[in-house]
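K.L.:
Quick note: the sequence shown uses the numbering used here, first residue 4, plus one each step.
Before we start, here is the structure in question, set down as structure tokens.
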Amino acid sequence: MFEFIRNHQKLMQFILLIFIAPAFVLLGVSGYDTASNANALAVVGDHPITQEEFDNVKRNQIERARLQAQGQAFDASQFDTPQANRQLLDSIITQYLLAEAANKQFLTASDAALQKRISQSEMFQKDGRFDYDTYKSELAARGVSEKQYEQNVKAGLAQAQVLEPVLEAAFLTPLLKEQVDAAQLSGRQVRVRTVGLGVFTESVQQPAAEELKAWYEANLQAYMQPEQVNVEYVVLSPEQVKNQIEVLQTDIEAYYVQNKARFSTVEERKARHILLGKDVAEEEAQRILNEVKNNPNQFAELAARYSTDTGSKNQGGDLGYFRKGAMVPEFELAVFALKKGETSGLVKSAFGTHIIQLTDIRGGEAQPLSAVQNPIIDEIRAQKLTLRMAQEQQEFSEKVFEGGRSFESVVKPLNLEVQQQAGLTRQGLPGNEVLSSADVLNEIFSADSLKNRNNTKAITVGNKLVSARVTAYRTATPKPFEEVQAQVRAQLVQTKARQAALAKAKQIADALGASNNTSKDAPPQPAESVLQEFDAQKVVSALDANGLPPAVLQAVLGTPAAMLPKADVVDVGTQGYVVAWVQGVAPVAQVREKAEPGLLSFYESINQRAYQEALALASREALAKRIKVEVHKNFGAQPVAAQ
């Protein structure tokens with residue numbers, strides 16, 4: 004039933020790239036003022052997009068996707084395709100266009116909007132709530148200060164305002180909606196019959212040895228042992244570099260002193276109160292306060308007698324432990340000014356007048372350095388990582404190029420390990436991020452690499468740099484006939500069975516009398532005997548496949564209404580063939596009536612999103628006409644806007 008979703012997934016790709024939250028890029032599109040146009044991947048206005056900037060954004064994109072995978076199998080190679088690289092570059096170009104437009108329109112974001120965006124970010128939450136320690140550690144791990152990050156978030160919020168008026172005003176008119184429904188939801192009435200391969204496989208005469216050998220020689224490419232290489236390779240990753248950063252004890256102690264508040268347990272206070280109503284007279288409130296101060300040990304009894312707070316009065320006014328930020332400001336200010344056992348004066352808030360007694364204080368003590376030394380070392384290393392990584396990446400790139408046929412020039416200086424893999428093919432090694440990268444495989448199997456066996460250039464894979472070298476090469480060769488004889492026999496029998504099944508399916512279609520109907524006048528309906536082995540009639544549409552395989556559904560829905568009724572023969576792979584007798588059109592109203600409400604709602608939503616995407620693309624193109632955009636590298640793929 005999710006055929007519609009499967010067929011329309013691409014509608015969402017570009018709009019997701021346009022609205023990628025700039026905050027998550029973590030300064031991927033900032034700091035461009037000092038860059039040069041030389042060797043830029045693209046230039047937007049006066050702002051060049053460098054390879055380094057692109058790589059930074061890509062690393063963060065991959066890391067976000069890895070986190071979202073939540074421990075499931077994750078294939079980073081999907082981000083290394085020409086199409087993915089060009090889409091990412093287009094998204095960065097779009098961010099620059101929006102930034103330029105926001106600057107020209109003097110658009111800004113308020114501190115309240117900034118606070119709301121950060122507090123709602125899942126990346127900074129713990130147990131479903133914003134956690135400041137998580138916030139700081141996430142930024143530290145990326146080598147970004149709070150100020151830098153918050154400036155970036157503000158910029159992103161300002162940029163979002165450029166397209167907001169367009170997207171908020173976007174809605175499908177009734178006429179346009181009717182036209183979209185007619186194109187997307189027009190269904191078909193169909194009956195189907197499957198012609199399986201089983202009976203034909205059993206009836207096929209077993210081929211003789213000569214026939215098998217002739218088939219083998221005619222289809223030699225199907226029995227090739229693919230070309231293979233043995234390779235050795237080295238990988239420079241942030242994890243390796245981070246672990247090699249030396250942190251002095253003096254640095255640890257200085258960091259501890261500067262951030263002592265962070266390494267202290269949160270102070271919590273326990274209090275009880277008597278809440279007097281908003282209309283209580285000042286004299287009455289003062290009288291009750293005097294009674295409390297004269298009898299502090301009877302606070303619980305007095306709370307039960309006088310308090311209007313139904314949630315706490317029966318517990319003697321006890322509010323339990325709480326930290327700063329949990330109470331209204333007036334109440335919090337009074338509580339944190341008291342000493343244990345003290346009672347406040349009259350404290351007024353939006354809820355009324357409070358009389359507060361502080362009963363306990365816990366937390367607030369700084370953890371000893373020994374308890375937090377390891378996290379401090381990690382944070383210092385993370386802060387130093389960006390600069391150190393840039394230095395070692397440059398050294399790695401230069402030395403693997405100069406190393407010729409050896410990695411000795413980088414192994415010792417950068418403390419790397421040479422890894423080896425035998426029998427690698429052009430399909431790569433599933434599960435190995437490096438050896439499944441298209442860029443790495445292209446370099447390994449390049450003519451120069453296979454012939455001269457030199458180190459490849461440094462190749463970016465996710466957040467890593469890689470260089471590989473071919474140590475042995477074996478060309479593609481046919482497997483011996485004796486080795487694949489059983490496979491040849493099975494494939495030849497299967498081919499003959501498929502030919503027989505196809506002939507039977509075409510015979511059935513011809514018997515229906517409409518397999519080639521191109522007339523506007525419907526031909527006579529076939530005899531019921533021809534349809535005896537067909538399933539009962541069913542209605543199918545983009546919203547409901549009604550049990551049809553995808554290939555059959557596509558063929559049925561693709562049959563023009565003017566040609567109905569019509570028989571189609573559809574290949575369904577190992578299941579054989581399906582004869583689909585497409586009898587007529589199912590009206591949009593009938594399709595809507597039968598569709599699941601949730602799927603129909605999704606259909607409406609994705610149509611609205613598609614319309615918004617078109618408007619967003621139009622806005623992007625309009626911005627690009629006012630702000631000069633030069634793209635110097637397309638990665639061998641078409642730009643998103645041109646798709």
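Note that beta-carbon positions come from the ideal geometry of N, C-alpha and C, so glycine has one too.
Do you know how far the Cα of D134 is from the Cα of S315?
P.N.:
Looking up residue 315 in the sequence shown gives position 312. Looking up residue 134 in the sequence shown gives position 131. Near 28 Å, if we compare the C-alpha coordinates of D134 and S315.
K.L.:
Assign A461 to one of three DSSP states: helix, strand, or coil.
P.N.:
By 1-based counting over the sequence shown, the position of residue 461 is 458. Coil at A461, not helix or strand.
K.L.:
If G199 and Q578 are in contact, beta carbons under 8 Å, what's the gap, nearest whole angstrom?
P.N.:
For the purposes of this step, residue 199 is identified with residue 196 of the sequence shown, where counting begins at 1. For the purposes of this step, residue 578 is identified with residue 575 of the sequence shown, where counting begins at 1. Going by Cβ atoms, the distance from G199 to Q578 rounds to 6 Å, so yes, they are a contact pair.
K.L.:
Report buried or exposed for G320, applying the criterion of at least 16 other Cβ atoms within 10 angstroms of its Cβ.
P.N.:
Within the sequence shown, residue 320 is the residue found at index 317, counting from 1. Counting Cβ neighbours within 10 Å, G320 comes out buried, since at least 16 surround it.
K.L.:
Name the one or two DSSP bridge partners that N233 has.
P.N.:
As a first step, residue 233 is located in the sequence shown; it is residue number 230 there, counting from the start. Per DSSP, A475.
K.L.:
Do you know whose CA, among Q164, S439 and P210, lies nearest Q488's CA?
P.N.:
Residue mapping note: residue 488 aligns to position 485 of the sequence shown, counting from 1. When only C-alpha atoms are compared, the closest one is P210.
K.L.:
Tell me the start and end of each unbroken alpha helix (DSSP H) in the stretch 404–463 that is at least 4 residues and wholly inside, in chain order.
P.N.:
Fully enclosed alpha helix (DSSP H) runs of 4 or longer: 411–414, 441–447 and 450–455.
K.L.:
Could you pull the DSSP bridge partners for Q360 from this structure?
P.N.:
Counting from 1 along the sequence shown, the entry for residue 360 is found at position 357. Answer is R275 and T346.
K.L.:
Out of Y309, L602, Y580 and K541, state which residue places its alpha-carbon closest to the alpha-carbon of A589.
P.N.:
By one-based count along the sequence shown, residue 589 stands at place 586. Ranking the options by Cα distance to A589, first place goes to K541.
K.L.:
Quick check on L322: does DSSP put it in helix, strand or coil?
P.N.:
Position 319 of the sequence shown, counted from the first residue, corresponds to residue 322. Strand.
K.L.:
Short of 6 Å in beta carbon distance, which residues of its chain neighbour N88, apart from the five on each side in sequence? Order them along the chain.
P.N.:
Taking the first residue of the sequence shown as position 1, residue 88 is located at position 85. The residues are F638.
K.L.:
For A589, write down the residues that DSSP places opposite it in a beta bridge.
P.N.:
Taking the first residue of the sequence shown as 1, we reach residue 589 at position 586. BP columns for A589 point to G190.
K.L.:
Could you pull out every residue in the same chain whose Cβ sits closer than 6 Å to the Cβ of G34, ignoring the five residues on either side in sequence?
P.N.:
Taking the sequence shown and counting its residues from 1, one reaches residue 34 at position 31. Here the model assigns G34 a pLDDT of 42, short of 50, so the residue's position is not dependable, and the following value carries that caveat. No residues qualify anywhere along the chain.
K.L.:
Taking the alpha carbon of V156 as the point to measure from, which residue in R120, S80, V632 and Q128 has its own alpha carbon closest?
P.N.:
Counting from one through the sequence shown, the residue named residue 156 turns up at place 153. Closest option to V156, Cα to Cα, is R120.
K.L.:
Quick one, are the C-beta atoms of H635 and A102 less than 8 Å apart?
P.N.:
Taking the first residue of the sequence shown as 1, we reach residue 635 at position 632. Taking the first residue of the sequence shown as 1, we reach residue 102 at position 99. Not a contact, by the Cβ cut-off of 8 Å.
K.L.:
In three-state terms, what does DSSP make of M227?
P.N.:
As a working mapping, residue 227 is identified with position 224 in the sequence shown. Here M227 sits in strand by DSSP.
K.L.:
With 16 as the cutoff for other CB atoms within 10 Å, does K402 come out buried or exposed?
P.N.:
The residue you call residue 402 lines up with position 399 of the sequence shown. It is buried - the Cβ of K402 has at least 16 other Cβ atoms within 10 Å.
K.L.:
Determine the DSSP secondary structure at Q370, reduced to helix, strand or coil.
P.N.:
Translated into positions along the sequence shown, residue 370 becomes position 367. Coil.
K.L.:
Helix or strand or just coil, what does DSSP make of A508?
P.N.:
Locating residue 508 in the sequence shown gives position 505, counting from the first residue. Helix, per DSSP.
K.L.:
Within 10 angstroms of its Cβ, does T313 collect 16 or more other Cβ (buried), or is it exposed?
P.N.:
Along the sequence shown, one-based indexing puts residue 313 at 310. Exposed, by the Cβ-count rule.
K.L.:
For F133, which three-state DSSP category applies?
P.N.:
Within the sequence shown, residue 133 is the residue found at index 130, counting from 1. Strand at F133.
K.L.:
Alpha helix (DSSP H) containing A565: first to last residue?
P.N.:
Walking along the sequence shown from the start, residue 565 turns up at place 562. Looking at the DSSP string, A565 is not in any alpha helix (DSSP H), and its letter there is neither H nor E.
K.L.:
Find out if the Cβ-Cβ distance for the pair Q289, L349 is shorter than 8 Å.
P.N.:
Locating residue 289 in the sequence shown gives position 286, counting from the first residue. Locating residue 349 in the sequence shown gives position 346, counting from the first residue. A contact, by the Cβ cut-off of 8 Å.
K.L.:
So, helix, strand or coil for S267, using DSSP?
P.N.:
Numbered from 1 along the sequence shown, position 264 holds the residue referred to as residue 267. S267: strand per DSSP, three-state reduction.
K.L.:
When you compare each of E345, R272 and V473 to Q422 by their alpha carbons, which one comes out closest?
P.N.:
Counting from one through the sequence shown, the residue named residue 422 turns up at place 419. Q422 has its Cα closest to that of V473, out of E345, R272 and V473.
K.L.:
From the DSSP secondary-structure annotation, give me the bridge partner or partners of H50.
P.N.:
Here residue 50 is taken as the residue at index 47 of the sequence shown, counted from 1. The partner list for H50 (beta bridge, DSSP) reads V47.
K.L.:
Can you have a look at V269 and say buried or exposed, based on whether 16 or more other CB atoms are within 10 angstroms of its CB?
P.N.:
Against the sequence shown, residue 269 aligns to sequence position 266. The residue in question, V269, is exposed, as its Cβ has fewer than 16 Cβ neighbours within 10 Å.
K.L.:
Of all the options A79, T111 and A500, which has the alpha carbon lying nearest to the alpha carbon of P433?
P.N.:
Counting from one through the sequence shown, the residue named residue 433 turns up at place 430. Closest by alpha carbon: A79.
K.L.:
Could you give the distance in angstroms between the alpha-carbon of Q397 and the alpha-carbon of L417?
P.N.:
The residue you call residue 397 lines up with position 394 of the sequence shown. The residue you call residue 417 lines up with position 414 of the sequence shown. Each residue's Cα considered, the two are about 11 Å apart.
K.L.:
Mapping DSSP to helix, strand and coil, what is A583?
P.N.:
Here residue 583 corresponds to residue number 580 of the sequence shown, with the count starting at 1. It is a strand residue.
K.L.:
Under the three-state reduction of DSSP, which class applies to L200: helix, strand or coil?
P.N.:
Indexing the sequence shown from 1 puts residue 200 at position 197. The answer is coil: DSSP assigns L200 none of H, G, I, E or B.
K.L.:
Okay, do the stretch 537–556 and the stretch 189–204 touch, 3+ Cβ pairs below 8 Å being the bar?
P.N.:
Yes, the stretch 537–556 touches the stretch 189–204.
K.L.:
Would T471 and T84 be called neighbours here (beta carbons separated by less than 8 Å)?
P.N.:
Indexing the sequence shown from 1 puts residue 471 at position 468. Indexing the sequence shown from 1 puts residue 84 at position 81. According to the sequence as given, residue 471 is Ala; it is not Thr. Their beta carbons are not under 8 Å apart, which means A471 does not touch T84 by this criterion.
K.L.:
Take the Cβ of A655 as the centre, count every other Cβ of all protein chains shown within 10 Å, and call the residue buried at 16 or more, exposed below.
P.N.:
Outside the displayed range of the chain (4 to 646) lies residue 655, so it cannot be described from this structure.
K.L.:
I need the straight-line Cα distance from N297 to K263, nearest angstrom please.
P.N.:
The residue given as residue 297 occupies position 294 in the sequence shown. The residue given as residue 263 occupies position 260 in the sequence shown. Their Cα atoms are separated by approximately 41 Å.
K.L.:
Check G159 in the structure and name its three-state DSSP category.
P.N.:
By one-based count along the sequence shown, residue 159 stands at place 156. Here G159 sits in helix by DSSP.
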